[in-house]
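Listed in order, the protein sequences are those of chains X and Z. Just so you know, we're using numbering that gives the first Met the number 0 here: the first sequence kicks off at 0 and counts up by one. Just so you know, we're using numbering that gives the first Met the number 0 here: the second sequence kicks off at 0 and counts up by one. Cβ atoms here follow ideal geometry from the backbone N, Cα and C, with glycine treated the same way. If you're wondering where the values come from, they're calculated on a predicted model, not measured in any experiment.
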Amino acid sequence: MLRRLTQAQYVNAIHDLLGDDLLVSRPMEPDVSLGGSISVGAAGTSISPRGVEQYEALAYDLAEQLLRTGARRARAVSCTPMAIVDATCAETFVRATGRRLWRRPLTDAESTALVTLAGNAAMTLNDFHRGLEYALSAMLQSPLFLFRVEIAEPATGADVARFSPYSLAARLAFFLWNGPADDDLLAAAADGRLSTDEGVSAEVTRMVASPKLNRGLRAFVTEWLGLQRLDAVTKDPMVYTSFSSDVPAAAREETLSLAEHLAVTRDADFRDIITTREIFVNRRLASIYNVRAPSQMRPDGFGLTTLPEDSPRRGLLGHVSMLALAAHPVSTSPTLRGKFIRESLLCNEVPMPPVNVNTALPEPTTGLRTMRERLLRHQVDPTCRSCHALLDPIGLALENFDGIGAYRTNDHGAAIDASGNLDGVAYGDSRGLTQTLHDSPAFPRCISTRLYRFAYGRHESDGEEAEVGRLAQDFAYGGYRLRRLMSSIAVSPAFRRADSTAGRQP
Amino acid sequence: MKHSINRRTLLKGLLGGAAISIGLPPLECFINANGTAYAGGGTSFPKRFGVFFWGNGVLPARWDPTTEGTGYALSPQLMPLAALKPDMTIISASRVLTTNSSPHLSGPAGLLTGDALSGGTVTRPSIDQVLAQEIGGETRFRSLEIGVQRSDNSYSFSGPNQINPPETSPRAFFNRLFGDGFRMPGEMTTADPRVRLRRSVLDAVGGQAGDLRNRLGSADRIRLDQHLEGIRGLERQIARLEENPPSLAACRRPDMPPEAYADIDGRPQMSAISHAMADLMAMALACDQTRVFFNMYSQSVNNTLFPGAPAGHHQLTHDEPGEQPMVDAIVRLIMSDLAYFLSALRGVPEGDGNLLQHSIVLCTTDCSYGKSHSIDDYPMILAGSAGGALATGRHIAARGENSSKVMLSILRAMGVRATDFGVGAGRTMDGLSALSP
Chain X
0 MLRRLTQAQY VNAIHDLLGD DLLVSRPMEP DVSLGGSISV GAAGTSISPR
50 GVEQYEALAY DLAEQLLRTG ARRARAVSCT PMAIVDATCA ETFVRATGRR
100 LWRRPLTDAE STALVTLAGN AAMTLNDFHR GLEYALSAML QSPLFLFRVE
150 IAEPATGADV ARFSPYSLAA RLAFFLWNGP ADDDLLAAAA DGRLSTDEGV
200 SAEVTRMVAS PKLNRGLRAF VTEWLGLQRL DAVTKDPMVY TSFSSDVPAA
250 AREETLSLAE HLAVTRDADF RDIITTREIF VNRRLASIYN VRAPSQMRPD
300 GFGLTTLPED SPRRGLLGHV SMLALAAHPV STSPTLRGKF IRESLLCNEV
350 PMPPVNVNTA LPEPTTGLRT MRERLLRHQV DPTCRSCHAL LDPIGLALEN
400 FDGIGAYRTN DHGAAIDASG NLDGVAYGDS RGLTQTLHDS PAFPRCISTR
450 LYRFAYGRHE SDGEEAEVGR LAQDFAYGGY RLRRLMSSIA VSPAFRRADS
500 TAGRQP
Chain Z
0 MKHSINRRTL LKGLLGGAAI SIGLPPLECF INANGTAYAG GGTSFPKRFG
50 VFFWGNGVLP ARWDPTTEGT GYALSPQLMP LAALKPDMTI ISASRVLTTN
100 SSPHLSGPAG LLTGDALSGG TVTRPSIDQV LAQEIGGETR FRSLEIGVQR
150 SDNSYSFSGP NQINPPETSP RAFFNRLFGD GFRMPGEMTT ADPRVRLRRS
200 VLDAVGGQAG DLRNRLGSAD RIRLDQHLEG IRGLERQIAR LEENPPSLAA
250 CRRPDMPPEA YADIDGRPQM SAISHAMADL MAMALACDQT RVFFNMYSQS
300 VNNTLFPGAP AGHHQLTHDE PGEQPMVDAI VRLIMSDLAY FLSALRGVPE
350 GDGNLLQHSI VLCTTDCSYG KSHSIDDYPM ILAGSAGGAL ATGRHIAARG
400 ENSSKVMLSI LRAMGVRATD FGVGAGRTMD GLSALSP
């Protein structure tokens with residue numbers, strides 16, 4: 000299977016492999032979400048003609064940053080050229096850099112082609128290192144870099160086909176670190192350790208202990224909750240006066256910080272993400288939440304604080320990120336919020352709205368002031384009701400939070416009733432809803448499903464339901480620790496098994 | 000001395016003819032002896048095709064003209080296009096016959112590809128990319144995709160899931176078009192050796208990919224091929240740097256647009272961005288940098304806050320009661336931005352005529368009535384006539400007709416010898432006869 004690097008993976012690859020002092024500051028092919036997953040999108044899309052131009056410009060920019068001057072060049076090129084054209088020194092650079100960028104050793108033919116390219120360029124420009132820039136640029140524009148190529152080894156005897164050790168190294172690294180394999184992992188691929196259960200376990204144990212796990216976790220949470228959509232969120236500043244252009248990025252950081260805190264820092268029960276009173280805020284968010292800014296702040300201005308016990312706000316469904324995303328520019332949307340809970344937290348499938356129906360809602364009037372009253376039609380009309388019965392009632396539980404997540408007790412002057420029930424379990428307000436979700440087996444099962452899709456870059460097939468079920472069970476058995484779930488997927492035999500979409504060994 | 004014939008020969012030599020599709024009579028793009036215009040009068044100018052797309056439909060009761068034929072009266076929502084009336088044809092009442100399963104998405108997919116969605120995406124290229132394959136091989140860019148609303152999404156598809164994302168920053172679009180890779184005639188300076196090196200790099204990249212290709216399954220092979228096609232397209236662009244550019248009377252390097260268009264009162268400057276994009280695209284076409292474009296003015300389901308609107312566009316289409324005066328105002332604003340776009344094309348003189356006359360711009364949206372997501376009575380405007388190959392200046396009420404007939408008429412007017420368009424319920428072997436000039 001070919002999996003295109005996401006934007007974050009491209010940046011991580013450059014920083015890990017060429018140095019984190021390089022600036023990746025040009026636009027590149029946008030990520031595409033398919034079926035709610037950027038990872039699935041990366042495994043189903045290609046690169047547009049504009050993207051090819053953008054990757055070319057980026058490649059020359061990065062090659063120049065790395066090789067044009069002193070310190071970085073010394074770090075990248077271990078040999079001293081004997082002449083303007085020095086094939087031996089060029090080959091040293093090409094093989095060492097190529098093995099990392101292309102995630103496997105280069106073939107002799109590949110190496111020769113790049114060395115020739117570097118030599119011709121060096122001769123033309125009268126500069127050995129300028130020549131290397133062209134070879135590096137070729138490597139960076141190659142589909143062998145821009146796509147991860149997952150290659151299967153042929154099955155032997157009764158064994159099923161497995162990914163080649165280098166393919167597996169990249170598969171593990173991009174899943175757990177959202178970036179490339181490091182030298183240790185490449186060494187494990189080269190010396191056969193990744194061909195054994197023990198070897199894979201040892202590497203995964205090392206990888207989940209690495210600070211780079213945060214990157215994998217953040218990439219997963221971003222696609223699970225659709226946080227990338229915050230880039231495009233718009234709110235009417237006349238309606239939401241405390242909303243400003245810095246809010247969406249802060250809101251995303253809050254949600255990612257909480258996920259990181261629970262999954263990595265505390266290695267805690269990850270279901271708590273939906274019920275916790277712990278929140279990460281900067282000054283901007285603190286003012287929307289009407290809480291005191293924390294006394295201790297990180298360098299980025301965020302700090303951890305705990306909401307008072309009587310706060311109406313709990314966990315993820317109290318975050319500005321979720322409440323602003325599942326809303327309109329000028330109002331809330333119980334329908335969108337209910338849809339988010341169904342699809343992203345419970346993995347329920349919500350059918351498309353039908354075509355050729357009248358979708359108008361009554362305007363707020365003295366008789367119909369709250370959303371609950373205005374949405375009544377969705378519950379009465381049988382055409383609407385078939386789907387909206389799944390959506391609006393649970394979305395209405397969040398009506399105490401306006402279209403950017405600020406707390407309110409009334410809507411158009413009428414008191415808000417946030418009570419309801421989730422599939423038969425009654426609650427009084429959103430705190431009750433979050434506890435019900437937390438205790439529902441469907442919630443951790445859904446996290447397992449979404450993590451599986453993130454890791455595999457595709458939706459589970461019917462035959463793989465059992466594997467997802469096994470993972471969900473293991474997640475529960477281990478106390479719902481997300482880090483353990485990530486490990487479970489990474490070490491599972493299924494993750495190493497090459498399906499029919501894997502490429503063939505040459 | 001001009002190089003038009005050499006340029007053509009060189010191009011074919013470079014690509015081995017592979018990227019230039021069959022079924023198209025050769026376009027006469029030779030330059031006259033003075034180097035000021037294409038020779039041979041109006042009909043020999045290249046034909047261009049583009050799509051202007053906006054999201055969330057129209058209000059059919061205020062969109063459809065009530066009278067037909069050449070003497071028709073413009074409807075309220077079409078009034079902003081009054082000055083362009085002789086250059087365009089309104090097509091109402093045709094239907095997208097493919098399955099309407101997905102509100103906002105089924106319509107454009109069915110219209111532009113002639114097939115229903117499958118697995119949430121299209122099954123085949125959209126009409127702009129069909130034409131890019133046919134007529135895009137001559138120019139620096141096979142096609143150009145732009146937008147006004149900030150988004151990476153589009154209905155320009157090269158194949159399933161293969162979106163051509165729009166450029167929505169006027170500055171970035173300017174840089175792509177008129178930056179390093181662009182030269183005016185006579186700006187041919189001393190040969191830069193780096194140009195040749197860039198091409199040899201792309202050549203090497205393509206070579207490595209060929210080895211990879213043999214190891215992939217069919218779906219991945221298609222994806223890799225798309226990447227390789229992009230690489231070949233870039234090689235072609237770079238090759239142009241070593242040629243003298245075509246000398247075209249109306250071509251000039253436009254002024255650089257501002258770096259950013261800041262929101263005003265939380266509302267994007269849709270019209271200002273749209274105007275800047277229109278001026279740039281008109282020059283891109285006038286300078287023959289491309290012959291195919293897709294302008295994704297706004298997205299399906301977009302909730303853009305338009306100036307003066309009390310809520311997002313999509314929300315208003317569903318929630319505004321009654322005759323929806325606010326939705327009406329938004330549609331009319333979009334039509335005035337469309338009028339600016341078409342006027343910019345019309346403002347480029349070519350021979351005895353203008354660029355718009357040598358083009359066909361399909362202007363359409365994702366449904367007819369936004370409130371109900373209907374794809375019956377599909378709203379379409381065809382502006383320009385590809386040099387007289389389509390009837391203009393009329394309203395055609397194509398009651399119940401398959402919308403694919405319009406697409407087939409477009410393909411044929413553009414010079415493609417197409418036998419049919421669409422598959423299944425969307426398929427047709429006939430164009431829309433009322434569009435014949």
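Roughly how many whole angstroms lie between the Cα atoms of arginine 2 of chain X and arginine 457 of chain X?
Approximately 10 Å, taken between the alpha carbons.
Interface residues of chain Z facing threonine 123 of chain X [CB-CB closer than 9 Å]
Per Cβ cutoff of 9 Å: Pro192, Arg193, Arg195, Leu196.
Which first and last residues belong to the beta strand (DSSP E) in which tyrosine 426 of chain X is found?
Counting along the chain, the unbroken beta strand (DSSP E) around tyrosine 426 of chain X starts and ends at 424-426.
Simplified DSSP state of phenylalanine 174 of chain X, which is helix, strand or coil
Helix at phenylalanine 174 of chain X.
When the Cα of methionine 78 of chain Z is compared with those of Z/Ser91, Z/Ile230, Z/Asp63, Z/Thr69, which residue comes out closest?
The shortest Cα separation from methionine 78 of chain Z among Z/Ser91, Z/Ile230, Z/Asp63, Z/Thr69 belongs to Z/Asp63.
Give a yes or no on whether 8 Å exceeds the smallest Cβ distance from histidine 226 of chain Z to chain X.
Interface with chain X (8 Å Cβ-Cβ cutoff): histidine 226 of chain Z is included.
Give me whichever residues DSSP pairs with proline 348 of chain Z in a beta bridge.
Proline 348 of chain Z pairs with Z/Asn353.
Does the distance from the C-beta atom of threonine 97 of chain Z to that of alanine 115 of chain Z stay below 8 Å?
In this structure, alanine 115 of chain Z lies closer than 8 Å to threonine 97 of chain Z by Cβ.
CB contact check: arginine 49 of chain X to chain Z, cutoff 8 Å:
Answer yes: the Cβ-Cβ gap between arginine 49 of chain X and chain Z drops below 8 Å somewhere.
Name, going along the chain, the residues of the region 296-330 of chain X whose beta-carbon falls closer than 8 Å to a beta-carbon of chain Z.
Those would be His327, Pro328, Val329, Ser330, in chain order.
Can you tell me whether leucine 295 of chain X is buried or exposed, with buried defined as 16 or more other CB within 10 angstroms of its CB?
This sequence places glutamine at residue 295 of chain X; leucine is not what is there. Classified as exposed, glutamine 295 of chain X has fewer than 16 neighbouring CB atoms from the shown chains inside 10 Å of its CB.
Between the region 393-410 of chain X and the region 368-377 of chain X, are three or more C-beta pairs nearer than 8 Å?
With the cut-off at 8 Å, the region 393-410 of chain X and the region 368-377 of chain X touch.
Quick test of your reading: aspartate 196 of chain X and proline 311 of chain X, contact by CB under 8 Å. State the CB separation rounded to the nearest angstrom.
With 8 Å as the limit, aspartate 196 of chain X and proline 311 of chain X do not qualify as a contact, their Cβ atoms being about 49 Å apart.
Same chain, Cβ closer than 6 Å to arginine 282 of chain X, neighbours up to 5 away in sequence not counted:
Within the same chain, Cβ atoms closer than 6 Å to the Cβ of arginine 282 of chain X are found at Ala292, the five residues on either side in sequence being excluded.
For arginine 398 of chain Z, collect the residues of the same chain with a Cβ closer than 7 Å to its Cβ; drop the 5 residues on either side in sequence, then sort them by chain order.
Within the same chain, arginine 398 of chain Z has close Cβ partners Ala92.
Taking 8 Å as the CB-CB cut-off, is alanine 433 of chain Z touching chain X?
For alanine 433 of chain Z, the answer is no, since every Cβ of chain X falls outside 8 Å of its Cβ.
My output table needs one value for asparagine 174 of chain Z: the three-state DSSP class, helix, strand or coil.
DSSP places asparagine 174 of chain Z in helix when its eight states are reduced to three.
Expressed to the nearest angstrom, what Euclidean distance is found between the alpha-carbon atoms of tyrosine 377 of chain Z and tyrosine 288 of chain X?
C-alpha of tyrosine 377 of chain Z to C-alpha of tyrosine 288 of chain X: approximately 46 Å in a straight line.
Buried versus exposed, by CB contacts within 10 Å (16 or more), asparagine 213 of chain Z
Label assigned to asparagine 213 of chain Z: exposed.
Leucine 22 of chain X classed as buried or exposed, judged by whether at least 16 other C-beta atoms fall within 10 angstroms:
Around the beta carbon of leucine 22 of chain X, a 10 Å sphere encloses fewer than 16 other beta carbons of the protein chains shown; the residue is thus reported as exposed.
Would you be able to state if there are at least three C-beta pairs under 8 Å between the region 345-363 of chain Z and the region 333-343 of chain X?
Too few Cβ pairs lie closer than 8 Å, so no.
State yes or no: is the beta carbon of glutamine 6 of chain X nearer than 8 Å to at least one beta carbon in chain Z?
No, its Cβ sits nowhere closer than 8 Å to a Cβ of chain Z.
If you follow the alpha helix (DSSP H) that glutamate 372 of chain X is in, where does it begin and where does it stop?
370-373 is the extent of the alpha helix (DSSP H) around glutamate 372 of chain X.
Would you be able to state if there are at least three C-beta pairs under 8 Å between the region 273-293 of chain Z and the region 248-265 of chain Z?
In short, these stretches touch, since the Cβ pair count reaches three.
Residue of X/Gly404, X/Asn409, X/Gln6, X/Leu16 minimising C-alpha distance to arginine 74 of chain X:
Comparing C-alpha distances from arginine 74 of chain X to each of X/Gly404, X/Asn409, X/Gln6, X/Leu16 shows the shortest one belongs to X/Leu16.
CA nearest to the CA of alanine 433 of chain Z, picked from Z/Arg393, Z/Ser101, Z/Gly109, Z/Asn301
For alanine 433 of chain Z, the closest of Z/Arg393, Z/Ser101, Z/Gly109, Z/Asn301 by C-alpha to C-alpha distance is Z/Arg393.
Within-8 Å CB hit, arginine 149 of chain Z to chain X:
True, the Cβ-Cβ gap to chain X drops below 8 Å.
If you follow the alpha helix (DSSP H) that glycine 206 of chain Z is in, where does it begin and where does it stop?
Its alpha helix (DSSP H) spans residues 192-212.
Beta strand (DSSP E) containing leucine 1 of chain X: first to last residue?
Where leucine 1 of chain X is concerned, the enclosing beta strand (DSSP E) stretches over 1-3.
Return no unless some Cβ of chain Z is closer than 8 Å to the Cβ of valine 220 of chain X.
Not one chain Z Cβ lies under 8 Å of valine 220 of chain X.
Am I right that glutamate 362 of chain X and proline 320 of chain Z are in contact with their C-beta atoms under 8 Å? What's the rounded C-beta distance?
Glutamate 362 of chain X to proline 320 of chain Z, Cβ: 6 Å. Contact.
By the criterion of Cβ-Cβ separation under 9 Å, what are the contact partners of glycine 206 of chain Z in chain X?
The answer, in chain order, is Ala112.
Valine 200 of chain Z CB to nearest chain X CB: under 8 Å?
Residue contact check for valine 200 of chain Z against chain X: a CB pair falls below 8 Å.
Residue span of the alpha helix (DSSP H) that contains valine 490 of chain X, given as start and end
Residues 481-490.
Does glycine 373 of chain Z get closer than 8 Å to chain X when you measure Cβ to Cβ?
As written in the sequence, residue 373 of chain Z is serine, which differs from the glycine given in the question. Judged by the 8 Å Cβ criterion, serine 373 of chain Z is in contact with chain X.
Could you work out which residues of chain X lie near glycine 232 of chain Z, taking near to mean beta carbons separated by less than 8 Å?
Result: Pro48, Val51.
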